[in-house]
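**Student:** Going by our numbering, the final residue of the sequence shown carries number 846, and the count climbs one at a time with no gaps.
From the three backbone atoms N, C-alpha and C, an ideal C-beta is built for every residue, glycine too.
Take a look at this one; I'll ask things after.
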Amino acid sequence: MKIAIIGSGALGCFFGAYLSTANEVCMIARREKVVDSINKDGITVYEKDGSVGHYKKNVSAALSGKCPETVDLVLMTVKGYDTESAMEINKNLIGDDTILMTVQNGGGNDLKLSKFVPRNHVIIAVTTDNAVNLDNGNISHSGKGVTTLGGDKDTARFDEVVAAFNASKIEYAVSDNIQRIIWNKLFVNLSINSFTAITKSPIGMLIDNEYAWNFAEKLVCEAIDVAEAEGQHFSYLDVLSFIRSTCTEVAGGFSSMSQDVMNCRRTEIDTINGYVVDRAAVHNVPAPYNTFVRNLVHAIENTYKEQIKQKDKYNAGDIIVREGEDDPTLYKVMHGSVGLYLNHGKENEYLLGINAKGSSFGEYSCFSGKASPYTAIAEEETIVMAIPKKDVHNYICLNPRNAEELFTTMSNKVAMLSKHIGLLNP
Numbered sequence: 421m422k423i424a425i426i427g428s429g430a431l432g433c434f435f436g437a438y439l440s441t442a443n444e445v446c447m448i449a450r451r452e453k454v455v456d457s458i459n460k461d462g463i464t465v466y467e468k469d470g471s472v473g474h475y476k477k478n479v480s481a482a483l484s485g486k487c488p489e490t491v492d493l494v495l496m497t498v499k500g501y502d503t504e505s506a507m508e509i510n511k512n513l514i515g516d517d518t519i520l521m522t523v524q525n526g527g528g529n530d531l532k533l534s535k536f537v538p539r540n541h542v543i544i545a546v547t548t549d550n551a552v553n554l555d556n557g558n559i560s561h562s563g564k565g566v567t568t569l570g571g572d573k574d575t576a577r578f579d580e581v582v583a584a585f586n587a588s589k590i591e592y593a594v595s596d597n598i599q600r601i602i603w604n605k606l607f608v609n610l611s612i613n614s615f616t617a618i619t620k621s622p623i624g625m626l627i628d629n630e631y632a633w634n635f636a637e638k639l640v641c642e643a644i645d646v647a648e649a650e651g652q653h654f655s656y657l658d659v660l661s662f663i664r665s666t667c668t669e670v671a672g673g674f675s676s677m678s679q680d681v682m683n684c685r686r687t688e689i690d691t692i693n694g695y696v697v698d699r700a701a702v703h704n705v706p707a708p709y710n711t712f713v714r715n716l717v718h719a720i721e722n723t724y725k726e727q728i729k730q731k732d733k734y735n736a737g738d739i740i741v742r743e744g745e746d747d748p749t750l751y752k753v754m755h756g757s758v759g760l761y762l763n764h765g766k767e768n769e770y771l772l773g774i775n776a777k778g779s780s781f782g783e784y785s786c787f788s789g790k791a792s793p794y795t796a797i798a799e800e801e802t803i804v805m806a807i808p809k810k811d812v813h814n815y816i817c818l819n820p821r822n823a824e825e826l827f828t829t830m831s832n833k834v835a836m837l838s839k840h841i842g843l844l845n846p
C-alpha cells in the first residue's frame, strides 16, 4: 500500500520504519530539517536488545501539505489537539478510497477524522509499543508491544490494511470492540503518562514508589467508574494488575507525555485525563483526582519558557568541541560515545578517555568560562544534548538525577586524570 504518516516523532517513525518493509511510506513532518534527514538517511531504530535497524528503502519524507499524491492509507500520529489542523493541511492526501487511521492517545480522535472522510473510512488503532524520539528520523524502540486494529463489516478496505500490517514487522491484533481497547489504553496513559510527566521519571518508578502507586490507583478507579457509565465494564483488580505488569515490562522507558514535558512541548493531557473529566461531567460521575492531574500538568506546561533543551546528531569522526575553543556549553551523551583528546591530529595526540551514554563533557568550560582543554570527537554515530550555560541551572532543577549524573561524570574524570598522572609519573 501507499501509506502517509502524519507526524514524524517517536511513534510516527516507529510505524514508518516497520511498515516500510512491505509498503511504500511517506513521512509527513513540519520541520524541513526532519524531512531532509529522512530523505537522506531514512529512519534509524535503536532496539532495546542493542541492535540497530536502518530503514531507507521505500521511505521518503515531505513537508506537511506538500506530499505530491493521494495515498491508500493515512496514519495520524500527531498529538490529539493537532488532529484536525494537521488533517486540514494534508487534505491533498485523501482520494475517494483513502482510509484514515488514528494511532493516537486518548479518546475521540476517530470522530475528528470522520469530518474528512466517510465514517466507514476511519480505522482506530491502539498500540502498546513505546518509543523515544531522538530527532531527525532517529528513535529508540524502548518497549515492544502490540498494535490493535478496530473495524467492522462496514469498514472499507479493512482487510487490505490488515494485510499491510501482516506483511510488516509490526505485531498486531484485530478487535471487534475497539472502544474497550481504547479505555484499556486510557487507564495506562492516565496513570503512567501523567505520573511520569509530573515527576520526569522512568515508567518503573510508578510501582517502585508506594505514594505514586496509591495515587495511580485513585486515578484508575475514577476512570473505571466513568467507563462503566459509558457502557464498558472493567475489573478494578484486573486493570491495576495490567498497569503494574506494563510498568515492569517497560520499566526503563519514558512515556510520551514525560518526553513532552522534558522537551517543553504541549502534552495530550486533555485527551487523556481530561477526556475522563469531560466524560465524567456528561454522566455526573465525580473525578477529582483526574481533574487535579489535568490542571497540574497544565500548570507545568506554563513553566516551559524557563526550560530549554537542544539535541544534535554527529557521525563517527565529527568534532563536537575543539581544544582551545570558547564554548561554555554542557553536553550530555544521549546515544553513542565521545572521545576526549589532547593535541588532536598531532604526533603527540593523547586520548584522555571515552564518554559513554548518560555521561557529560564540557563541564570545565561551562563552569569556569575558559577555553576547552580537549577536543571532543564522536567515536560512532552519536547524539548529544547541548545545554547552554544559562540553562544549566534549570537542567539540574528539572530532575535531581541530572545533577547526580553530572557529579558522577566529574568524579570519574578526576579518577581518570589521577590515573593518567600516575602513568606519566611512574
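(1) In terms of DSSP beta bridges, what is residue 446 paired with?
(2) Going by beta carbon distance, what residues of the same chain come within less than 7 angstroms of residue 467, once the five residues before and after it are set aside?
(3) Only counting the same chain, and skipping five residues up and downstream in sequence, which positions put a Cβ closer than 7 angstroms to that of residue 520?
(4) State whether the stretch 552–566 contacts the stretch 422–439, with contact taken as three or more CB pairs (one from each stretch) at a distance under 8 angstroms.
(5) To the nearest angstrom, how far is the alpha carbon of residue 586 from that of residue 619?
(6) Just the C-alpha distance for residue 713 and residue 676, rounded to the nearest angstrom, thanks.
(7) Residues in its own chain within less than 8 angstroms of residue 574 by CB, not counting five upstream and five downstream?
(8) Hey, could you find the ends of the alpha helix (DSSP H) residue 626 is sitting in?
(9) Label residue 517 either buried or exposed according to how many other C-beta atoms from any shown protein chain fall within 10 Å of its C-beta, with 16 as the threshold for buried.
(10) Report the rounded CA-to-CA distance for residue 581 versus residue 598, giving the unit in angstroms.
(11) Beta-carbon within less than 8 angstroms of residue 659's beta-carbon, same chain only, minus the 5 sequence neighbours each way: which residues are those?
(12) Return helix, strand or coil for residue 687, following the three-state DSSP convention.
(13) With a threshold of 6 angstroms on Cβ separation, who are the neighbours of residue 826 within its own chain once the five nearest residues in sequence on each side are excluded?
(14) Please report the distance separating the alpha-carbon of residue 506 from that of residue 450.
(15) Mind checking which residues open and close the beta strand (DSSP E) that includes residue 660?
(16) Within the stretch 734–789, note down every full beta strand (DSSP E) run reaching 3 residues or more, in order along the chain.
(17) Quick check: what's the CA-CA separation for residue 657 versus residue 464?
(18) Quick check on residue 440: buried or exposed, where buried means 16 or more other Cβ atoms within 10 Å of its Cβ?
(19) Using CA coordinates, which residue listed in 525, 488 and 524 is at the minimum distance from residue 511?
(20) Tell me whether the beta-carbon of residue 796 lies closer than 8 angstroms to the beta-carbon of residue 732.
(21) Do you know how far the Cα of residue 625 is from the Cα of residue 669?
(22) DSSP beta-bridge partners for residue 595?
(23) Given a cut-off of 8 angstroms on the beta-carbon distance, is the pair residue 735 and residue 648 in contact?
(24) Rounding to the nearest angstrom, what Cα-Cα distance links residue 593 and residue 583 in this structure?
(25) Does the Cβ of residue 457 have 16 or more other Cβ atoms within 10 Å, making it buried, or fewer, making it exposed?
(26) Can you have a look at residue 828 and say buried or exposed, based on whether 16 or more other CB atoms are within 10 angstroms of its CB?
(27) Report the residue from 591, 774, 638 and 527 whose alpha carbon sits nearest the alpha carbon of residue 832.
(28) Whose C-alpha, out of 460, 798 and 749, is nearest the C-alpha of residue 782?
(29) So is residue 530 buried or exposed if we call it buried at 16+ other beta carbons inside 10 Å?
(30) Looking only at its own chain, which residues have a Cβ that is under 6 angstroms from the Cβ of residue 442, when we skip the five neighbours before and after it?
(31) Please report how far the alpha carbon of residue 638 lies from the alpha carbon of residue 631, in whole angstroms.
(32) Classify residue 472 as helix, strand or coil using the three-state DSSP reduction.
(33) Count the other CB atoms, across all protein chains shown, that sit within 10 Å of the CB of residue 770; report buried if there are 16 or more and exposed otherwise.
**Tutor:** On the basis of the supplied data:
(1) Within the sequence shown, the letter at position 26 stands for residue 446. 424 and 480, per the DSSP bridge assignment.
(2) Indexing the sequence shown from 1 puts residue 467 at position 47. Excluding residues within five positions, the ones whose Cβ falls inside 7 angstroms are 473 and 561.
(3) Stepping through the sequence shown from its first residue, residue 520 is reached at position 100. Excluding residues within five positions, the ones whose Cβ falls inside 7 angstroms are 494, 496, 533, 536, 537, 541 and 542.
(4) yes
(5) Counting from one through the sequence shown, the residue named residue 586 turns up at place 166. Counting from one through the sequence shown, the residue named residue 619 turns up at place 199. Rounded to the nearest angstrom, the two C-alpha atoms are 38 angstroms apart.
(6) Position 293 of the sequence shown, counted from the first residue, corresponds to residue 713. Position 256 of the sequence shown, counted from the first residue, corresponds to residue 676. Approximately 16 angstroms between the Cα atoms of the pair.
(7) Against the sequence shown, residue 574 aligns to sequence position 154. Excluding sequence neighbours, residue 574 sits near 540.
(8) Start at 1 with the first residue of the sequence shown, and residue 626 comes out as number 206. Note, residue 626: alpha helix (DSSP H), 625–628.
(9) Here residue 517 refers to the residue found at position 97 when the sequence shown is read from its first residue. Classification for residue 517: exposed.
(10) As a first step, residue 581 must be located in the sequence shown, where it is residue number 161. As a first step, residue 598 must be located in the sequence shown, where it is residue number 178. In a straight line, the C-alpha of residue 581 is about 16 angstroms away from that of residue 598.
(11) The count along the sequence shown starts at 1 and reaches residue 659 at position 239. Once the five neighbours on either side are set aside, the close Cβ partners of residue 659 are 604, 607, 640 and 644.
(12) As a first step, residue 687 must be located in the sequence shown, where it is residue number 267. Note: residue 687 maps to coil in three-state DSSP.
(13) Looking up residue 826 in the sequence shown gives position 406. The residues are 780.
(14) Translated into positions along the sequence shown, residue 506 becomes position 86. Translated into positions along the sequence shown, residue 450 becomes position 30. Cα to Cα, the separation comes out at about 10 angstroms.
(15) Along the sequence shown, read from residue 1 onward, the residue named residue 660 stands at position 240. Not the beta strand (DSSP E): residue 660 falls in the alpha helix (DSSP H), residues 656–669.
(16) 739–741, 749–755, 758–762 and 770–775
(17) As a first step, residue 657 is located in the sequence shown; it is residue number 237 there, counting from the start. As a first step, residue 464 is located in the sequence shown; it is residue number 44 there, counting from the start. Taking the straight line from one Cα to the other gives about 39 angstroms.
(18) Locating residue 440 in the sequence shown gives position 20, where the first residue counts as 1. That one is buried.
(19) If you number the sequence shown from 1, residue 511 lands on position 91. The residue with the shortest Cα to Cα distance from residue 511 is 488.
(20) Against the sequence shown, residue 796 aligns to sequence position 376. Against the sequence shown, residue 732 aligns to sequence position 312. Not in contact: residue 796 and residue 732 (Cβ atoms no closer than 8 angstroms).
(21) Here residue 669 is taken as the residue at index 249 of the sequence shown, counted from 1. Here residue 625 is taken as the residue at index 205 of the sequence shown, counted from 1. If I take the Cα positions, the gap works out to 12 angstroms.
(22) In the sequence shown, residue 595 corresponds to position 175, counting from 1. In the DSSP output, where bridge partners are listed per residue, residue 595 has 570.
(23) Indexing the sequence shown from 1 puts residue 735 at position 315. Indexing the sequence shown from 1 puts residue 648 at position 228. No; because the gap between Cβ atoms is not below 8 angstroms, this pair is not in contact.
(24) Translated into positions along the sequence shown, residue 593 becomes position 173. Translated into positions along the sequence shown, residue 583 becomes position 163. Near 12 angstroms, if we compare the C-alpha coordinates of residue 583 and residue 593.
(25) For the purposes of this step, residue 457 is taken as residue 37 along the sequence shown, with counting starting at 1. Residue 457 comes out buried.
(26) On the sequence shown, residue 828 is found 408 positions in, with the first residue counted as 1. When all chains shown are included, residue 828 counts as exposed.
(27) For the purposes of this step, residue 832 is taken as residue 412 along the sequence shown, with counting starting at 1. Closest option to residue 832, Cα to Cα, is 774.
(28) Here residue 782 refers to the residue found at position 362 of the sequence shown. Of 460, 798 and 749, the residue nearest in Cα terms is 749.
(29) Residue mapping note: residue 530 aligns to position 110 of the sequence shown, counting from 1. So residue 530 ends up on the buried side.
(30) Here residue 442 corresponds to residue number 22 of the sequence shown, with the count starting at 1. Only 587 and 588 meet the Cβ criterion.
(31) As a working note, residue 638 is residue 218 in the sequence shown. As a working note, residue 631 is residue 211 in the sequence shown. About 11 angstroms.
(32) For the purposes of this step, residue 472 is identified with residue 52 of the sequence shown, where counting begins at 1. Residue state, collapsed to three classes: strand.
(33) In the sequence shown, residue 770 corresponds to position 350, counting from 1. So residue 770 counts as exposed.
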